[in-house]
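Input: a single structure, listed below in C-alpha cells.
Protein chains: 2
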Amino acid sequence: MDRPHPGLLMFIGARYVEQRVADAVAAAGYDDITPAMGRAAARLGEDGIRVTELAEQARITKQSASALVELLEKAGYVERVPDPRDARARLVVIAERGREVQRLARREERAIEREWTRHLGEERMSALRDALEALREVADPYR
Amino acid sequence: MDRPHPGLLMFIGARYVEQRVADAVAAAGYDDITPAMGRAAARLGEDGIRVTELAEQARITKQSASALVELLEKAGYVERVPDPRDARARLVVIAERGREVQRLARREERAIEREWTRHLGEERMSALRDALEALREVADPYR
DNA sequence: CTGATATGGTCAGTCTTGCTGACCAGTTCG
DNA sequence: CGAACTGGTCAGCAAGACTGACCATATCAG
Numbered sequence: 001m002d003r004p005h006p007g008l009l010m011f012i013g014a015r016y017v018e019q020r021v022a023d024a025v026a027a028a029g030y031d032d033i034t035p036a037m038g039r040a041a042a043r044l045g046e047d048g049i050r051v052t053e054l055a056e057q058a059r060i061t062k063q064s065a066s067a068l069v070e071l072l073e074k075a076g077y078v079e080r081v082p083d084p085r086d087a088r089a090r091l092v093v094i095a096e097r098g099r100e101v102q103r104l105a106r107r108e109e110r111a112i113e114r115e116w117t118r119h120l121g122e123e124r125m126s127a128l129r130d131a132l133e134a135l136r137e138v139a140d141p142y143r
Numbered sequence: 144m145d146r147p148h149p150g151l152l153m154f155i156g157a158r159y160v161e162q163r164v165a166d167a168v169a170a171a172g173y174d175d176i177t178p179a180m181g182r183a184a185a186r187l188g189e190d191g192i193r194v195t196e197l198a199e200q201a202r203i204t205k206q207s208a209s210a211l212v213e214l215l216e217k218a219g220y221v222e223r224v225p226d227p228r229d230a231r232a233r234l235v236v237i238a239e240r241g242r243e244v245q246r247l248a249r250r251e252e253r254a255i256e257r258e259w260t261r262h263l264g265e266e267r268m269s270a271l272r273d274a275l276e277a278l279r280e281v282a283d284p285y286r
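Note that the protein sequences, when read in sequence, are chains P and Z.
Residue numbers for the first sequence follow this note's numbering, so the first one is 1 and each next one is one higher.
Residue numbers for the second sequence follow this note's numbering, so the first one is 144 and each next one is one higher.
Here it is, written out as C-alpha cells:
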C-alpha cells in the first residue's frame, strides 16, 4: 500500500512549524501580523535589504513585497531608510518591535527542535537534518 | 553560524515537489487547475468524500472546500452525487479527467523520489522517510 | 413521537496576498 | 549626452481563505 510521499510529509512538518511560531507570536500579543508579513519579516536583518532583493528571496513580485513591507512599516515592525549608495533605492531595516518578534520566533523554533529531538532521538534527528540539507541542493535551485 | 531550521528545509522541499507536480500536470495540457484545486483534488478517490470531511482533512473551512469543489466540477475533474445514506449530504467523486491527472501526479512524484534517492543514496533516503513519518506523530495532530 | 440540538451544505460579504501592466525617477554605459 | 537598465510605486484584478447567517435533514433525549 502507498506510503505518503516525502513531499507531503515535509509539507505537514513545515505547516506545523509555521503554525506553532505564529501562535506563539500571537499569544505574546503581536496579533497584527499576518502569515505573509511574518514570512517576509523573517528575512530582515540589521543591514537592511532592498524591496527588490527581498522579493527575489521570497519568490514573490516586488509589488507584493512592497505591499507587505508597507504593512509591516505601518505596524512598526520595520523601517525604511534611504539607501546611501543609490538614490532610487530604500533599505528595509528591522525595527525594535520586529526584533522582539524575531527573538520570540527563534525561541519557539528552538523549542520545536528540542521536542522533535526528544521524539526521534539525537541520532535520527541529525540524520533528518543532514538529509534535508543535502536535498536542498537539488530542491532549491535559487539559493 | 545558524543552520537553517528543519521546518524551513521542509518547506523548501515541499514547495519543490508541489511545483514539479503542478508543472508536469500543466505541461500535459491540464492548465485549468490552480494549486488550491490540486491540493483538494489530491484527496479524492473513487469512494467519494463529503465536502465537510474534505475541508477537515485539508484544514480549510467547508465554505472554501465547497468553492474549490465547484470549480473542479465545472472543469470536469470531479462529480458530485447524492449520498445515499444521508439526504443532506453529497459525495464528491473523482471523474475520469481527474483520474488522468492523479496518474500524472503520481508518476511525477515517483520520478522525484527516484531523483532524491539517487542524490542521497538509498540509506539516507530511507532514514529521511523514516524520520519524517515518525515526526508526523508529533506534527500532525489531526490524522 | 416530538421538540431541541447537531450536522451537511450554501449564500453573502470581506480580507489577504498574490499577479500583470504601466509608469516614474534615478543610474549606468556606449 | 542619450539609450537602456534598475528600484520602486500606482492601479486594477483574481484566487483563496475567512466569518456569520441561514436552510434542510438527522438524531437524540425525554
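Positions of the beta carbon are idealized from the N, C-alpha and C atoms, including for glycine.
Assumed close pair residue i, residue j - CB separation to whole angstroms, cut-off 8 Å
| i | j | result |
| --- | --- | --- |
| P:Arg20 | Z:Ala274 | At roughly 18 Å, the Cβ-Cβ gap does not stay under 8 Å, so P:Arg20 and Z:Ala274 are not in contact. |
| Z:Ala238 | Z:Tyr220 | 6 Å |
| Z:Glu251 | Z:Ala167 | 4 Å |
| Z:Gly160 | P:Gly7 | According to the sequence provided, residue 160 of chain Z is Val. The question's Gly does not apply to it. With 8 Å as the limit, Z:Val160 and P:Gly7 qualify as a contact, their Cβ atoms being about 3 Å apart. |
| Z:Leu278 | P:Leu120 | 7 Å |
| P:Ala22 | Z:Ala270 | At roughly 30 Å, the Cβ-Cβ gap does not stay under 8 Å, so P:Ala22 and Z:Ala270 are not in contact. |
CA nearest to the CA of residue i, picked from the options
| i | options | result |
| --- | --- | --- |
| Z:Asp174 | Z:Gln200, Z:Ala218, Z:Leu271, Z:Ala208 | Z:Ala218 |
| P:Arg103 | P:Val93, P:Arg129, P:Ala42, P:Gln63 | P:Ala42 |
| P:Arg129 | P:Val138, P:Glu113, P:Asp140, P:Arg39 | P:Glu113 |
| Z:Val224 | Z:Ile192, Z:Ser269, Z:Asp283 | Z:Ile192 |
| Z:Val281 | P:Ala27, P:Ser66, P:Leu9 | P:Leu9 |
| Z:Val236 | Z:Pro147, Z:Ile155, Z:Leu187 | Z:Leu187 |
| P:Ala105 | P:His5, P:Arg39, P:Gly7 | P:Arg39 |
| P:Met37 | P:Leu54, P:Ala27, P:Asp47, P:Glu46 | P:Leu54 |
| Z:Arg240 | Z:Gly156, Z:Leu211, Z:Ala157, Z:Ile176 | Z:Ile176 |
| Z:Ala169 | Z:Ile155, Z:Ala270, Z:Glu243 | Z:Glu243 |
| Z:Asp190 | Z:Glu216, Z:Ser269, Z:Leu234, Z:Thr260 | Z:Leu234 |
| P:Ala89 | P:Leu71, P:Thr52, P:Val69 | P:Thr52 |
| P:Asp140 | Z:Asp145, Z:Arg158, Z:Lys205, Z:Pro147 | Z:Arg158 |
Burial state of residue i, where buried means 16 or more other Cβ atoms lie within 10 Å
| i | result |
| --- | --- |
| P:Pro84 | exposed |
| Z:Glu265 | exposed |
| P:Glu133 | exposed |
| P:Pro35 | exposed |
| P:Ala87 | exposed |
| Z:Ala254 | exposed |
| Z:Ala208 | buried |
Strand pairing of residue i, partner residues [DSSP]
| i | result |
| --- | --- |
| P:Leu148 | The first residue shown for chain P is 1 and the last is 143, placing residue 148 of chain P beyond what the model contains. |
Check: residue i C-beta below 8 Å from any heavy atom of the ligand ATP
| i | result |
| --- | --- |
| P:Glu108 | You won't find the ligand ATP in this model; it holds no ligand whatsoever. |
Note to self: At a CB distance below 9 Å, what residues from the segment 152–166 of chain Z approach chain P? Give them in sequence order.
What the structure shows: Within the segment 152–166 of chain Z, the residues whose Cβ lies closer than 9 Å to any Cβ of chain P are, in chain order, Leu152, Met153, Phe154, Ile155, Gly156, Ala157, Arg158, Tyr159, Val160, Glu161, Arg163, Val164.
task = For the segment 272–285 of chain Z, enumerate the residues whose C-beta is nearer than 9 Å to any C-beta of chain P, in chain order.
result = Answer in chain order: Arg272, Asp273, Ala274, Leu275, Glu276, Ala277, Leu278, Arg279, Glu280, Val281, Ala282, Asp283, Pro284.
Interfacial residues, the segment 227–258 of chain Z to chain P, with Cβ spacing under 8 Å: Those would be Glu252, Ile255, Glu256, Glu258, in chain order.
* To do: Compile a chain-ordered list of the residues in the segment 45–76 of chain P whose CB is closer than 7 Å to at least one CB of chain Z.
  => Closer than 7 Å at the C-beta level to chain Z, one finds no residue of the segment 45–76 of chain P.
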